[in-house]
Every structure is written in structure tokens, then in C-alpha cells.
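Engineer: Each residue of the sequence shown is one higher than the one before, counting from 1 in full-length UniProt numbering.
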Amino acid sequence: MKIELLTDKIPVGISQCAMGDPVRYNGGHKHSKVCTQLLGRVFEYVPLCPEVAIGMGVPRQPIRLVKSDPSADAEIRVLGVDDPTLDVTEPLREYADSVVPELQQVRGYIFMQNSPSCGLKGIRRYLPNGHGHDSDGMGVYAQRLRERFPDMPMEEVGRLNNNEIRENFLTQVFAYDAWFRYVHEDPRPARIIEFFTAYKYLLLAHHQQKTRDLGQVLANSKGRDHEELALEVRARMMEILTHMATRKDKTNALMHSQGHLKGYLSKEEKAELTELIDEYRRGLKPASAVLTLLRHYLPRTPHSFIHNQMLLAAEPAEMGLCDFH
Ligand code: SF4
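#1: Would you tell me roughly how many angstroms separate the C-alpha atoms of residue 3 and residue 63, rounded to the nearest one?
#2: Among 196, 111, 278, 100, which has the Cα closest to the Cα of residue 326?
#3: Using the rule of at least 16 other Cβ atoms within 10 Å of the residue's Cβ for burial, across every protein chain shown, is residue 304 buried or exposed?
#4: What is the rounded straight-line gap between the Cα of residue 325 and the Cα of residue 34?
#5: For residue 253, count the other beta carbons within 10 Å of its own beta carbon; 16 or more makes it buried, fewer makes it exposed. Which is it?
#6: Output the boundary residues of the beta strand (DSSP E) element that contains residue 94.
#7: Check whether the region 173-184 touches the region 121-136, counting contact only when three or more Cβ pairs, one atom from each stretch, lie closer than 8 Å.
#8: Have a look at the DSSP bridge pairing and note the partners of residue 10.
#9: What span of residues does the beta strand (DSSP E) with residue 111 cover, start to end?
#10: Going straight from the alpha carbon of residue 71 to that of residue 59, what length do you get?
#11: Between the C-alpha atoms of residue 133 and residue 108, what's the straight-line distance to the nearest angstrom?
#12: When you compare only the Cα positions, how much space is there between residue 98 and residue 53?
#13: What do you reckon, is the C-beta of residue 51 under 7 Å from a heavy atom of the ligand SF4?
#14: Nearest-angstrom Cα distance between residue 115 and residue 17?
#15: Relative to the ligand SF4, is the shortest distance from any of its heavy atoms to the C-beta of residue 247 smaller than 7 Å?
#16: Helix or strand or just coil, what does DSSP make of residue 414?
#17: Could you compute how far the alpha carbon of residue 24 sits from the alpha carbon of residue 139?
#18: Is residue 146 near the ligand SF4, with its Cβ less than 7 Å from a heavy atom?
#19: Give the straight-line distance between the Cα atoms of residue 293 and residue 224, rounded to the nearest whole angstrom.
#20: In the DSSP assignment, what residue or residues form a beta bridge with residue 126?
#21: Specify the secondary structure class of residue 283 as computed by DSSP and reduced to three states.
#22: Within its chain, find whatever has a CB closer than 8 Å to the CB of residue 227; leave out the 5 residues flanking it on each side and keep chain order.
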């Protein structure tokens, strides 16, 4: 299976205020140039503002997460800050449910941080007496979509300013998109295994043990229901990709790739490649330098396994999507 990464722009959901639209409670926006100018090159955005969509208007009174009491399993509501009788918990959940059909076609979602509707984590929670309780909350709209799309890559706008987090998110979105194009419509075990095999070295760079565990799941999958197996494999692959790829694990995966060229390189070529991988390991060279040389030598080997490795496909950094100032 030779997977092509990008065909058209990939549909991705986004909090509308990040697009520069003045939909915030105070009539402002939180435009993210990283999202619109940089990631907009590869993403086709579906901008949504749940608070406006449920009729709260602009401007509107701010809302916040309120726990009914300090216990761990206390009920959480989204209430008005000025008027606590305003409760928009159910409307926000219902709105999330209503956009599920539209979001079936998106392959990632970028949420605005610190929002009781859109924030993915670390949202301040209050007690009914108005005192701050903790910062362990999640936006109610985002939480509902997380439940409905458990494997979809999701990230916060602010975190995408970090080059490594952005690269990791792109890798997840590309993989999730590829899954829908190559496996979703035809989840025969042979295709699932081919897909996993193409991603194997990339997955190893993100989490070695979990990748081996997934290999075992597939090795023991004879007789399993195809759809159920596909869902488990997708969930495990997407979870593995949420782990940041360390330079050490990437080096390991690059060395595995180099191993497939054994017998096809001269002594000098092999030494040059080994030296380059070591320079990458020590942080002296970017991964793209190693990938370029590996790809240069690839035509010499007839082994389809290494030709199809997604690790060797154009990575986000090479597409100019990682450095942005
Ligand atoms: S954070 Fe979400 S709810 Fe708040 S303005 Fe942005 S899109 Fe609307």
C-alpha cells in the first residue's frame, strides 16, 4: 500500500474566533495567524462558534464552569457569570450533537483554549458560591465532540504556536485522513495490516512498546470481526501518535530504515548515512537531511516494505509547516 499524504486540503474544524471573526463574548476575536496563514495552506476550515450558534449573541455575558460541590463526581454546569440562573449546559451539548453529521467529514479539530465551551483542558472551575475550585475542566462543547469522535486529532490554538506540537498534530491529522481514504470504506484485515505496516516506523518513533503491542493484536486477529478490528487498530494508532516523537526514538526508526539499504550502499555511502543519522541524534542536523538522503538511495532496494514507509514520506517540517515566526 503506497499512501499519498495530501490530495486536496484536509477539512478541519476550528473555533470561529481563531479565524479572526468577532464572535467572542466581548465582541472581539482571537485570530491565530499560525492557523489561518500557515496551517490554512493544508487545512480547509469549518469554523464554528457554539455560543453564537445557540443564540447567545454578541456581545453576551460571559459564562463559566460551575461544580455543584467540591466532590470528584459533582455535576458540572455552564452558568452565566453575572446571572447564574443562565444555564447553557444542555444547549451547548445539543448543539455539539447537531453538528456531528457535518463533522463526519473533518479530520481534526482546533479548539480555542481557556473557554468553558471550547477549551480542551485546564479550564477553571468554580463552586456555586463563586469561589474558584480547580483548573481541571474541559469545555462542554469540546467534551461532547471528544466523546462523539474519540480518535479525531484535537488540539488547542495556543499550543499550535509550538513547532513540535504543531508537527505532531499535523502528523495525526495526516494519518487520520489517510485512514479514511485507504481503510474506512473497505476495512478488510489485509488492508488494515497494510495500513499499519506502512505506518510502522513512524509509529515506532512515537511509542515503541505500544507499536509492538499493536503488531501483536494484528498477529492474533484471525477470525475477528472486520469492523471491530478496524476500530481498535485506528484507536490504537491514533493514541500512539499523540505521544510526541522523541529524537531518540526517531533515530531508532531511521536506523531501522537504513538497515533495509544494507547491501545496496557502498562502504562510503553507508558511513555517510550513519554519520548523518548520528548528527541528527545529537541535534546537529534536521530529520529532513536524513530523510532526503534515505529517499535518494531508496530506488536501489526492491523491498516494498521500506518504499511504503510513511516515516519517509514528506514530513510536515519539509512542507514548510513547522517553522513560523
Ligand atoms: S472560544 Fe468557542 S465559544 Fe468562545 S468565541 Fe471562540 S468559538 Fe465561540
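Every residue, glycine too, gets a C-beta built ideally from N, C-alpha and C.
Structural biologist: Once the coordinates are examined:
#1: Counting from one through the sequence shown, the residue named residue 3 turns up at place 3. Counting from one through the sequence shown, the residue named residue 63 turns up at place 63. Here the alpha carbons of residue 63 and residue 3 stand approximately 45 Å from one another.
#2: With the chain running from 1 to 325 in the structure shown, residue 326 is simply not present.
#3: Here the question's residue 304 lines up with position 304 in the sequence shown. A residue is called buried once 16 or more other Cβ atoms fall within 10 Å of its Cβ, and residue 304, having fewer, is exposed.
#4: Taking the sequence shown and counting its residues from 1, the one referred to as residue 325 is at position 325. Taking the sequence shown and counting its residues from 1, the one referred to as residue 34 is at position 34. At residue 325 the pLDDT is 46, less than 50, meaning the model places this residue with poor confidence; the figure from the coordinates comes in the next sentence. CA-to-CA, the gap between residue 325 and residue 34 works out to about 9 Å.
#5: Residue 253 sits at position 253 when you count from the first residue of the sequence shown. Per the 10 Å Cβ criterion, buried.
#6: Here the question's residue 94 lines up with position 94 in the sequence shown. Note, residue 94: premise wrong, no beta strand (DSSP E); alpha helix (DSSP H) at 89-103.
#7: No, the region 173-184 is not in contact with the region 121-136.
#8: Position 10 of the sequence shown, counted from the first residue, corresponds to residue 10. The partner list for residue 10 (beta bridge, DSSP) reads 43.
#9: Indexing the sequence shown from 1 puts residue 111 at position 111. 109-111 is the extent of the beta strand (DSSP E) around residue 111.
#10: Here the question's residue 71 lines up with position 71 in the sequence shown. Here the question's residue 59 lines up with position 59 in the sequence shown. Distance between the alpha carbons of residue 71 and residue 59 is about 34 Å.
#11: Position 133 of the sequence shown holds residue 133. Position 108 of the sequence shown holds residue 108. Computed Cα separation, rounded: 31 Å.
#12: As a first step, residue 98 must be located in the sequence shown, where it is residue number 98. As a first step, residue 53 must be located in the sequence shown, where it is residue number 53. Whole-angstrom Cα-Cα distance: 11 Å.
#13: As a working mapping, residue 51 is identified with position 51 in the sequence shown. Under cutoff, so the answer is yes.
#14: Taking the sequence shown and counting its residues from 1, the one referred to as residue 115 is at position 115. Taking the sequence shown and counting its residues from 1, the one referred to as residue 17 is at position 17. Between residue 115 and residue 17, the C-alpha separation is close to 11 Å.
#15: For the purposes of this step, residue 247 is taken as residue 247 along the sequence shown, with counting starting at 1. Not under cutoff, so the answer is no.
#16: Past the boundaries of the shown model lies residue 414; the chain is included only from 1 to 325, so the question cannot be answered.
#17: Position 24 of the sequence shown, counted from the first residue, corresponds to residue 24. Position 139 of the sequence shown, counted from the first residue, corresponds to residue 139. C-alpha separation (whole angstroms): 15 Å.
#18: Within the sequence shown, numbered from 1, the residue matching residue 146 stands at position 146. Not so, every heavy atom of the ligand SF4 lies at least 7 Å from the Cβ.
#19: The residue you call residue 293 lines up with position 293 of the sequence shown. The residue you call residue 224 lines up with position 224 of the sequence shown. If you take the alpha carbons of residue 293 and residue 224, they lie about 41 Å apart.
#20: Against the sequence shown, residue 126 aligns to sequence position 126. Partner(s): 66, 132.
#21: The residue you call residue 283 lines up with position 283 of the sequence shown. Under the three-state reduction of DSSP, residue 283 is assigned to coil, being neither helix nor strand.
#22: Within the sequence shown, the letter at position 227 stands for residue 227. Around residue 227, the same chain offers 187 as residues with beta carbons nearer than 8 Å, after the five sequence neighbours per side are excluded.
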